[in-house]
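Just so we're aligned, residue 9 is where the sequence shown starts under my numbering, counting upward by one. Every residue gets a Cβ at the ideal spot worked out from N, C-alpha and C, and that includes glycine. Note that the structure is a prediction, hence the values are computed from the model and not measured. Here's the structure we're looking at; comments come further down.
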Amino acid sequence: PLFLGARTRGGGGLISRLEGAYIIDEKKGASVISFDFSADLAGGVPDLVKKAIGHMVVDIATVQMRDYAERQTVMSRGGSVVDNRVSRLEERQKKASILEAEHISAA
Numbered sequence: 009p010l011f012l013g014a015r016t017r018g019g020g021g022l023i024s025r026l027e028g029a030y031i032i033d034e035k036k037g038a039s040v041i042s043f044d045f046s047a048d049l050a051g052g053v054p055d056l057v058k059k060a061i062g063h064m065v066v067d068i069a070t071v072q073m074r075d076y077a078e079r080q081t082v083m084s085r086g087g088s089v090v091d092n093r094v095s096r097l098e099e100r101q102k103k104a105s106i107l108e109a110e111h112i113s114a115a
């Protein structure tokens, strides 16, 4: 696997320390990307708020990054354009629209 990490050097504000890393692995011909992070928050931040912030960071780092990447045109090594990720995204959006229309008409 490939690891891409970063960390803060300290400072003021709500977050006193932040470390994170993307782990990129190849499984069955597909890239599997995960994100691991830890943070120290300044002050008495309730656990509920810490969990909410953690979920938000992971969502931004993984789900939103995947959505952004799937919208982009991917270039292959030979220089030809590969649009399969965009096509899969459009396919999922089309299926979601059909299911939504079926749900509305059934109601």
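From which residue to which residue does the beta strand (DSSP E) around residue i run?
| i | result |
| --- | --- |
| L22 | Per DSSP, L22 belongs to no beta strand (DSSP E) and is neither H nor E. |
State the DSSP-derived secondary structure class of residue i, mapped to helix, strand or coil.
| i | result |
| --- | --- |
| S60 | The sequence given here has Ala at residue 60, not Ser. Helix, per DSSP. |
| K102 | helix |
| L12 | strand |
| V71 | helix |
| Y30 | strand |
| V53 | coil |
Check whether the Cβ atoms of residue i and residue j lie closer than 7 Å to each other.
| i | j | result |
| --- | --- | --- |
| P9 | I31 | yes |
| G28 | A14 | yes |
| L22 | A47 | no |
Would you verify that the beta carbon of residue i is, or is not, closer than 7 Å to some beta carbon of chain B?
| i | result |
| --- | --- |
| L10 | No chain B appears in the structure shown, which is made up of a single protein chain. |
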